[in-house]
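Residue 1284 in our numbering sits at position 220 of the sequence shown, and the numbers go up by one each step. Input: a single structure, listed below in structure tokens.
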Amino acid sequence: MNIKNLLIVIAFLFFVVLGVKAQNSSKDYWSIMLENNNKEAYEVFLKSEKEYEKSIELLISNEILRNENGLINGASDGFLNKLMKFKDFEYYVYALWNDPFMFEDYLKTGFHEKNVKSIKTIEASKVENKTIFYALKYLKGVVERDHKDIVKYDEAVKQVDAIKDWQYCGVFENLNKSGYDTSYEPELYAKNDKLFDANSNGTINWYTPNKEYQKEPYQFFSNHIEYGYGVNYAQTFITTDKEQRVQLRMGNSSAFKVWLNDVLVYENDKDVDTDLDAYTVNVNLSKGTNRLLIKNAENNGMSYFMARLSDFEGNKLDGITYSSKYASYNKATISAVNPEKKSNTIEDFFVEKLKENPTNFFYKYCLIKTYFRNQKYEEANVIINDLLKTHTKSSLLRVLKTYTSSFEGDFNAINELNKNIFLEDPNYYYSLVKKASDFQELERMSIAELEVYIDKLRNATDSPILKFIAQFVLDIRNEDIKALKATMNDLNNVASDRVFVLQRFIPLYDNIFQDQERSITEYEKILKKRFSPALLGGLARLYDKTDRKDDVLQLYKEYVKDFPAENEFLFSLIERLHQYEKYQESLPFIKQALENYPYSFKAMEFMGNALTQLNQKDKAVDFYQQSLIYNNGNNQLLKKIETIKRAPNFLEKFTENDVYSYVEKERNKYLKNNYGTNILLDSKVYQIYETGALKAKSVYLYEITSKNGIENYKEYDLGLSGSYSILKSEIIKKDKSVIPAERTGSSFVFNGLEVGDVIYVDYETTSVSSGRFFKDFVDDYQFDSESFCLKTSYTLITPKNLEFTHKVTNGKLDYTKKSEANYDVHQWQLLNAAELPKGEDYMPTASDYARFLHISTIKSWNEIANWYSDLVRSQSVFNAEVEQKYNEIFPEKDVLSLSEEERAKRIYYYIMNNFTYSFVDFKQSGFIPQKPSKTISSKLGDCKDFSTLFATFARRAGLDVNLVLVLTSDYGMKSLILPSQNFNHCIVKIKLNGKDQFLELTDKNMPFKSIPNSLLNATALEIPYMVDESKESTLFHLSNMDGNPSNLISEVFIKVDENKTQNITINSKVTGSLASIYFNILNQDNFELVKEDILADFNQRIGEGLVLDTIKDIAAQKGTDFLTYTTKVHLDDKMNEMGSMTFFKLPLVAHSYNGGIVSLEERKYAIDYQSYENSNFYNSVYNLEIPAGKKFIEIPENQKFNYKQHSFEVLYKAVSENQLQITIAAATDLSDIAANEYLDFKSYVEKVLKAKDILIGYK
């Protein structure tokens, strides 16, 4: 193992051993502590509170202050025994459960001698609060289980009151938390006599889990984890002989909903982990049978829940029975059930304490920690944020803030908080230990720096394990193997009962010292007394290396015996049995896994594998096919099925079989073309399977007919990713010989390519989808080409009677349909297609002129709109951080008193001024936007993040707003025809004064209500905030949008002096999207760069030779609709003389038209005018003044021209003999110019060009 890998191990251990924990005030020591003076704070405490053991608050305060000084190796001597003498001690135990002086964060550090002793010290019999009593009983039981005493574990958890008889149903899809609001059928149907559609997860039903679950207070959906995150249901049937009002108490790890007798009685949309009794609701139970239904929508971890019925004091109810078997139950109404949410009694205890002592930091700390028990981050943040206003740099408060950020899933905020702690409180024990978790930092340090750092670390904490780990790091860097081994032994002794440490260190005896037997001995020693799947795996690997197969199997069989309901252990055993070719022996364990969870696709595949090896192939195929229903992305399984069934290869059948004969027959026939290439064959075959899996085969034959073709194809990149196989990549020479290409991935180099050669490329791909459209197929395919194409063929093989829509744009294609076995074969062909006309400047995108085939199995745009609505809605969370920013934007009490435009404008400029656009392709970054709080904290986002942030603010401000998915105009008008997800941008549509206004949010310099060219004529789909099936969503184009036009207005003063120098002053006004460029230039911090960019801009407009004198009167404040600035330049040596006459061309500062747009005699393609023009209107007024005593030779006549919506005029006005005013105005139309309109347009532009080529003469 190299040093880098070792440092990664150690970095992990620093994090684990620490926990990592962290925890105004009525007393000065709290204020001192919150200013990061922890040592001084503790000294002041000890001096001022000499009898602290007489008060429960002071007794605990001592422990908190000790912790903040790095004393984290357990509590003071006798602390817990002293604590239990006080009234209400249990509330403090619950609140501070995971602090180092209580039980530590055992989910991170594991159980060990110190925290086990603490857990056993607290006597449950002295605890009156039932929530805390059951929590303590359960924890004591888990300790016994961890120490491999299953009997004592069972005895302990038997005392925990909980409903333990349940039916399960899952996993349903929860794409980006949309499952929380999706009403799946189990919510309405309680029987198990039908299958429910779980979207991409197949069809499932209610089932009763292994009876082992009937002893568990917490119900874990652990066997469902193979599906990843999703929605799970549980139901139980409650029988009582009388109507009664009871309390339903629940804990949960997910966003969840609860129904009693089909009435929704509780819901929580936050996906957080909680303890038991986190939520309480009073309900009425009906006499007879009642159905209790729980829905968990999990999105970030293992899903579990715990529920119990109690009286109003939390005591167990008598006379009630529970059953997992369906029974006819009472249907109720909300008035009959009368759900009434109740607060948490433990939280209430500290809330009351704080009311009595509103400035007391100790009670604030306890309440924060109580909130942490159930990850109530919003409630905790209210207290923490208020404290941070006074103690802005408090390391303790920042550490507490990392917890709330973690609960919320805002990891950017955590990184930012940690960075500030490290910078501003570098000697804080948390800083030093966290720093050690950065292995790159450990590598970067010199040995001297590392020694200093480790010395600080040793002095910062009393943890002996951390001190040995620190020494271990130094030994590694010094490469002192002898010292390293001694430190290893010391560490092993100190951490002999710390599983989380041992699982990292035990392998090092083998990896570093090649002492395999020592590693085995250490594994065996700890596994005799402790439960640890991780350590078990390590020992099994070493047993495998020493060929101790029976011992490996015995290890896993022991776990299966102790935990028969957990498929995780069954799968580990089955994998080993198959590895050792013990297929027959594996069958009972596979059946057990399927009994535990009938929809386990892993168990189904294991069964298929075993039956295949036992030569029961028909049965194997049945299990493989079942597995594919629930895991349609398993391509290897698809291949196994086809191999066993010897299924026909449709991809081969509908592809040209004898390619070499085909090439010989068709080559050398069509040698004249524009680009030196003919396409002899362009073939695409898709096969869609019933599961939604997709296979494709592509064959291309390119004939090289000139040197131009060689240049184009000598290097060729297919750009493939995912699962693909390159079958052919070669040159077929004229003499029929074959030269393989050099290949890297899907990139080829065709060496020795010559005229007359044919390039042959053949590849296959396999793919699957997930989410709502996992079985849908969407594609478009271009048939016309700039090269002659002998044959273009597109074949789609679908399951029988699969419905889809297809449409051909810009022409027609031959279409046939036939049946093959259980499939329909659809084929489109184009033969002998002439090459398209040669490309032209400003031509449309290919989708607007070439023949394209569009295919979609998605039935309507409603499905797309509703899908994205579900995605976005769950992310549009208006939490405390978002509310804080909202209040900064709108400090007014009555926001609605502001005009709609003012409200929208404030939000717009808040986003423009505070965030940076992330230049990531929309599809690569996914469709799911960030939560607004994450965008705010990171100050970074893409189009969908900014649109979601805007919409979240706007809705709160009472505005009618929706997101709009967009395919930008550079993709053309016909690229998106049929329902699909193929959008690349996101904007918002907002109603302002009854009119629709579309807002682009990714250009931080663009004025409000401006329309960039990328949106003009773009394809769009409006996304409703709430799904409304009665409304139809349709695709539309963003044409004729309201907004601020892009205008360039110039007033130019040109004064020619006696030296014939043109002194030019230009007053510029720019509006609309065109202003974005100039806002960016003029707001640069470096004024030299401003001058450089403005000069370059005018040099491009007027011509080279300008000398910049100054730029002044800049008015480019963001938040305005336009900007203005004045530029002074002068121009020398641009005069021509003839006798006494002087001539010069008018220096034009704006160009509405140039010769490039009409350079061709004729066009075959339309002019995509918006790709040429970005301004709606130009107006330039030139005020010319020549030297006194001179006069203009001739003043031309005014001219005016029009073409459709285009207009141009030039006006001349003599002010005096030596002063002349020329006005040039042009209104442009960004509509396309059709090819058959080109000559008329060309005539118009040529007149304009002639009219604005103004020669000024004077004498």
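We put the CB at the ideal spot given by N, CA and C, even for glycine.
Please report the straight-line C-alpha distance between residue i and residue j, rounded to a whole angstrom.
i: K1748; j: L1758; result: 13 Å
i: N1256; j: F1471; result: 36 Å
i: V1084; j: N1523; result: At V1084, the pLDDT of 43 sits below 50, so the modelled position is not reliable; the number obtained from the coordinates is stated separately. Cα to Cα, V1084 sits roughly 18 Å from N1523.
i: L2248; j: L2080; result: 38 Å
i: I1358; j: Y1232; result: 10 Å
i: K1172; j: M1097; result: 26 Å
i: D2060; j: M2105; result: 8 Å
i: V1347; j: V1310; result: 6 Å
i: Q1087; j: Q2148; result: Unreliable positioning characterises Q1087 in this predicted model, as indicated by a pLDDT of 36, which lies under 50. The coordinate reading is nonetheless provided below. Roughly 44 Å between the two C-alpha positions.
i: Q2164; j: L1817; result: 43 Å
i: P2076; j: Y2142; result: 14 Å
i: M1065; j: F1175; result: Confidence at M1065 is low in this model, with a pLDDT of 48, below 50, so the placement of that residue should be treated as unreliable; the coordinate-derived value is given next. Using only the alpha carbons, I get a separation of about 28 Å.
i: E1586; j: N1815; result: 59 Å
i: L2172; j: L1239; result: 58 Å
i: H1211; j: K1625; result: 16 Å
i: N1742; j: A2298; result: 29 Å
i: T1303; j: F1436; result: 35 Å
i: F1653; j: L1634; result: 6 Å
i: K1733; j: S1851; result: 14 Å
i: N2046; j: T1873; result: 17 Å
i: L1506; j: Y1493; result: 17 Å
So residue i is in the beta strand (DSSP E); what residue range does that whole segment cover?
i: E2273; result: H2270 to S2280
i: I2132; result: According to the sequence provided, residue 2132 is Ser. The question's Ile does not apply to it. Residues Q2126 to T2135.
i: W1323; result: A1319 to L1324
i: K1704; result: Counting along the chain, K1704 falls outside any beta strand (DSSP E), though it belongs to the alpha helix (DSSP H) covering N1699 to K1709.
i: I2320; result: L2319 to Y2322
i: P1863; result: F1852 to P1863
For residue i, count the other beta carbons within 10 Å of its own beta carbon; 16 or more makes it buried, fewer makes it exposed. Which is it?
i: P1490; result: exposed
i: M2202; result: exposed
i: P1281; result: buried
i: G1234; result: buried
i: V1295; result: buried
i: S1089; result: Interpretation of S1089 is limited by its pLDDT of 39, a score under 50 that renders its predicted location unreliable; the figure taken from the coordinates is listed afterwards. Buried is the call here.
i: T1267; result: exposed
i: F1376; result: exposed
Does the distance from the CB of residue i to the CB of residue j come in under 8 Å?
i: P1804; j: S1789; result: no
i: V1819; j: I1796; result: no
i: V1327; j: I1384; result: no
i: F1165; j: G1138; result: yes
i: Y1764; j: L1745; result: yes
i: S1388; j: D1229; result: yes
i: L1168; j: D1561; result: The sequence shown places Glu at residue 1168, not Leu. No.
i: Q1567; j: L1606; result: no
i: L2170; j: V2154; result: no
i: K1995; j: Q1939; result: yes
i: V2339; j: I1196; result: In the structure as shown, the chain begins at 1065 and stops at 2323. Residue 2339 is therefore absent and cannot be evaluated.
i: D1335; j: N1363; result: yes
The alpha helix (DSSP H) with residue i in it runs from where to where?
i: D1614; result: K1613 to D1626
i: S2244; result: No alpha helix (DSSP H) contains S2244, which is instead part of the beta strand (DSSP E) from F2241 to E2249.
Regarding residue i and the ligand ZN, is the C-beta to nearest heavy atom distance less than 7 Å?
i: F1979; result: The ligand ZN is not part of the structure shown, which contains no ligands of any sort.
- Counting only runs that start and end within the segment 1873–1949, where is the alpha helix (DSSP H) found for 4 or more residues in a row? 1925–1937
- Item | Inside the segment 1138–1210 only - alpha helix (DSSP H) runs reaching at least 4 residues | 1143–1147, 1153–1159, 1170–1173, 1177–1185 and 1194–1210
- Task: Go through the segment 1356–1413 residue by residue and report every complete run of the alpha helix (DSSP H) that reaches 4 residues or more, in order.
- Result: 1398–1401
- Message: What ranges does the alpha helix (DSSP H) occupy inside the segment 1484–1533, keeping only unbroken runs of at least 4 residues that lie completely in it?
- Response: 1493–1500, 1503–1508 and 1511–1524
- Whole alpha helix (DSSP H) elements within the segment 1660–1690, 4-residue minimum: 1665–1677
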